[in-house]
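Number of protein chains: 2
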Amino acid sequence: MPKVVDHDARRRVVTAAAAHLISEGGVDAVTVRELARATRCSTAVVSHYFKNKRELLVCTFREATDHVRTRLDIVFARDPGDLRGVLEAVLPLDEERRRDWSVWLAFWADAIADVELGGEQRQRVRDMREIVADVLRTSGRAPERVDAEARRLLTTVIGIAVQASFDPEEWPPDRQREVLDELLPIRG
Amino acid sequence: MPKVVDHDARRRVVTAAAAHLISEGGVDAVTVRELARATRCSTAVVSHYFKNKRELLVCTFREATDHVRTRLDIVFARDPGDLRGVLEAVLPLDEERRRDWSVWLAFWADAIADVELGGEQRQRVRDMREIVADVLRTSGRAPERVDAEARRLLTTVIGIAVQASFDPEEWPPDRQREVLDELLPIRG
Numbered sequence: 001m002p003k004v005v006d007h008d009a010r011r012r013v014v015t016a017a018a019a020h021l022i023s024e025g026g027v028d029a030v031t032v033r034e035l036a037r038a039t040r041c042s043t044a045v046v047s048h049y050f051k052n053k054r055e056l057l058v059c060t061f062r063e064a065t066d067h068v069r070t071r072l073d074i075v076f077a078r079d080p081g082d083l084r085g086v087l088e089a090v091l092p093l094d095e096e097r098r099r100d101w102s103v104w105l106a107f108w109a110d111a112i113a114d115v116e117l118g119g120e121q122r123q124r125v126r127d128m129r130e131i132v133a134d135v136l137r138t139s140g141r142a143p144e145r146v147d148a149e150a151r152r153l154l155t156t157v158i159g160i161a162v163q164a165s166f167d168p169e170e171w172p173p174d175r176q177r178e179v180l181d182e183l184l185p186i187r188g
Numbered sequence: 189m190p191k192v193v194d195h196d197a198r199r200r201v202v203t204a205a206a207a208h209l210i211s212e213g214g215v216d217a218v219t220v221r222e223l224a225r226a227t228r229c230s231t232a233v234v235s236h237y238f239k240n241k242r243e244l245l246v247c248t249f250r251e252a253t254d255h256v257r258t259r260l261d262i263v264f265a266r267d268p269g270d271l272r273g274v275l276e277a278v279l280p281l282d283e284e285r286r287r288d289w290s291v292w293l294a295f296w297a298d299a300i301a302d303v304e305l306g307g308e309q310r311q312r313v314r315d316m317r318e319i320v321a322d323v324l325r326t327s328g329r330a331p332e333r334v335d336a337e338a339r340r341l342l343t344t345v346i347g348i349a350v351q352a353s354f355d356p357e358e359w360p361p362d363r364q365r366e367v368l369d370e371l372l373p374i375r376g
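Listed in order, the protein sequences are those of chains G and L.
For the first sequence, this note's numbering assigns the number 1 to the initial residue and increments by one for each residue that follows.
For the second sequence, this note's numbering assigns the number 189 to the initial residue and increments by one for each residue that follows.
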C-alpha cells in the first residue's frame, strides 16, 4: 500500500520551520538546506512544496495570519463581545505571537514595492479592522462611532506590536495591555 | 589642481538613490549597477563608499532618520511647543516621508534577528519618544502624565504610518491627521 502523505500538513510543517528561521535569523536564514534540517525532510521534499522563496514567504505570512484566526475562534467561542480578547489575539504577548510579528515584519520589506504582496498586507489589516468593527457593533457601540473606533484600536495595536518587536524590554506584556487599556471601555 | 570630492555629499547621493530604489522596487532592487545608473557614477565609485549592502542599508536608514531631524528643526524654529508639527514630521504625509517609511520598513526585515540593526531601530523609537516627551513638558503637561502620553502618541503615529504605507488609499493625509487629532489637546 502506498504511503499516504498529507500534503497540506507537510506544507504547514515547512512554513512553521520557515517562521522559526525568520524569527531567529531573518529572511536570509531561510534556505532549503536549513528547512530540510529543521523539518527532517530531504531538500528535495522541501523544494517540492514551494515554487520559490517568494511563494514560501507568502505561505508563511498567511500561516501567521491563520494563527490569529485560530486565536479569534477561541475568543469568540467564549464571548463574542470580548473586545480585549480580540485585540490581544494580535498583540505580541507570547512567543507564538512574537514569531507571527517577525514573519509579518519580514514580509513587509518585500511587500513595499510588490503589488501582490502589498495587497496581501493591505487586505489583512482591512479584514482585521472589520472584525474589530463587528465586535464593537455586537457590543452595542453607536453605529456612527464604530468605524473610527475600530481604526483607532487597530492603529494602537499595530503601533504597540512594532515597538514591542524591537524593544521587548520596554514593552513587556503588562505595558502592552496598559496602553491598550486606556482605549478600552470598562466592561461590567 | 586635484578635484576636491566631498565624500559625505557623495555618500548621501548614494543613500538617496538607494532610498528611491527601495521605495520603488524593494531592497532587492538596490544593486551596484542600479545605484551607478541612478547616481551617474561608475560602479567603482559607488562600491567605494560602502563596505557592503548591509552598511549601505544602515546608512540609508540613518539618512531617513536624519530627514526627521531636519523636519523637526524647522518645526522647533517656528514653535518649540508644536506637538502636532513634531508628530507630523514622522507621518507619511508626502512623498519624502512615504519614502522614509519605505526605508524603515525595508530595514526592519533585517533588523528582526540582528542585534546591531535591531538596536538602531530601538534607539530611533526611544529617541523620538523622548523628543515628544520634551515637547509635552515644554507645553506644561503634568510631569506624571508625560511618559504615558508620549508613548501613546508615538504608538499611534507608528500604527498610522505602517497602515498608510501599504494602504495609501485608505489613509490619505487628511485621515492620518484626523486620527491623530483625536489624541491631541486643542491649542488656543
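In this text, a Cβ means the ideal position worked out from N, Cα and C, and glycines have one as well.
Since residue i contacts residue j with CB under 8 Å, what's their CB separation in whole angstroms?
i: Q309(L); j: T155(G); result: Wrong, their Cβ atoms sit about 19 Å apart, outside the cutoff.
i: R325(L); j: V313(L); result: Not confirmed; about 19 Å, so no contact.
What does the alpha-carbon distance come out to for the pair residue i and residue j?
i: G188(G); j: S139(G); result: With a pLDDT of only 43 at G188(G), under the threshold of 50, the placement of this residue in the model should not be trusted, and no figure is reported.
i: V233(L); j: A224(L); result: 8 Å
i: E357(L); j: H20(G); result: 33 Å
i: P331(L); j: R365(L); result: 26 Å
i: Q123(G); j: V193(L); result: 48 Å
i: L244(L); j: S23(G); result: 23 Å
i: V220(L); j: A336(L); result: 44 Å
i: W359(L); j: V27(G); result: 28 Å
i: F354(L); j: T65(G); result: 16 Å
i: E88(G); j: S235(L); result: 46 Å
i: G213(L); j: G118(G); result: 12 Å
i: R84(G); j: F238(L); result: 47 Å
i: D362(L); j: E96(G); result: 36 Å
i: R280(L); j: S42(G); result: The question names Arg, yet the displayed sequence has Pro at residue 280(L). Cα to Cα, P280(L) sits roughly 45 Å from S42(G).
i: D8(G); j: K53(G); result: 18 Å
i: A16(G); j: D302(L); result: 20 Å
i: R257(L); j: R317(L); result: 13 Å
i: E267(L); j: E182(G); result: The identity of residue 267(L) in the sequence shown is Asp, whereas the question assumes Glu. Computed Cα separation, rounded: 29 Å.
i: D315(L); j: A338(L); result: 11 Å
i: P185(G); j: D82(G); result: 11 Å
i: V274(L); j: R329(L); result: 16 Å
i: A18(G); j: V30(G); result: 6 Å
i: R199(L); j: S290(L); result: 19 Å
i: V90(G); j: E251(L); result: 31 Å
i: R286(L); j: D94(G); result: 31 Å
i: E116(G); j: L72(G); result: 26 Å
i: E222(L); j: E34(G); result: 31 Å
Along chain G, in chain order, which residues have C-beta atoms closer than 9 Å to that of residue i?
i: F386(L); result: Residue 386(L) is absent from the structure shown; chain L starts at 189 and stops at 376.
Below 7 Å on C-beta distance, what does residue i contact in chain G?
i: G213(L); result: A113
i: D428(L); result: The displayed coordinates of chain L run from 189 to 376. Any statement about residue 428(L) would go beyond what the structure contains.
i: L293(L); result: W108, A109, I112
i: R340(L); result: V179, E182
Would you say residue i touches the ligand HEM, meaning its beta carbon is less than 6 Å from a heavy atom?
i: E251(L); result: Among the components modelled here there is no ligand, and therefore nothing to report on the ligand HEM.
Along chain L, in chain order, which residues have C-beta atoms closer than 8 Å to that of residue i?
i: R69(G); result: In chain order: nothing, as chain L lies at least about 20 Å away.
If you check the beta carbons only, do residue i and residue j fall under 7 Å apart?
i: T39(G); j: V58(G); result: no
i: I346(L); j: V367(L); result: no
i: L153(G); j: V135(G); result: no
i: F295(L); j: F264(L); result: no
i: H255(L); j: D288(L); result: yes
i: I300(L); j: L105(G); result: yes
Which residues in chain L sit within 9 Å of residue i, going by Cβ to Cβ distance?
i: G85(G); result: Per Cβ cutoff of 9 Å: no residues; G85(G) is ~20 Å from chain L at best.
i: I74(G); result: Residues of chain L passing the Cβ test: none, with the nearest at roughly 25 Å.
In chain G, which residues lie with their C-beta within 8 Å of the C-beta of residue i?
i: V218(L); result: Those within 8 Å of V218(L) in chain G number zero; the least Cβ separation is about 11 Å.
Going along the stretch 305–330 of chain L in order, which residues come within less than 8 Å of chain G, judged by CB to CB distance? G306, Q309, R310, V313, R314
Looking at chain G, which residues of the stretch 220–247 of chain L have a Cβ within less than 7 Å of any of its Cβ atoms? none
Beta carbons nearer than 9 Å to chain L: which residues of the stretch 145–170 of chain G have them? A148, R151, R152, L154, T155, T156, V157, I158, G159, I160, A161, V162, Q163, S165, F166, D167, E169, E170
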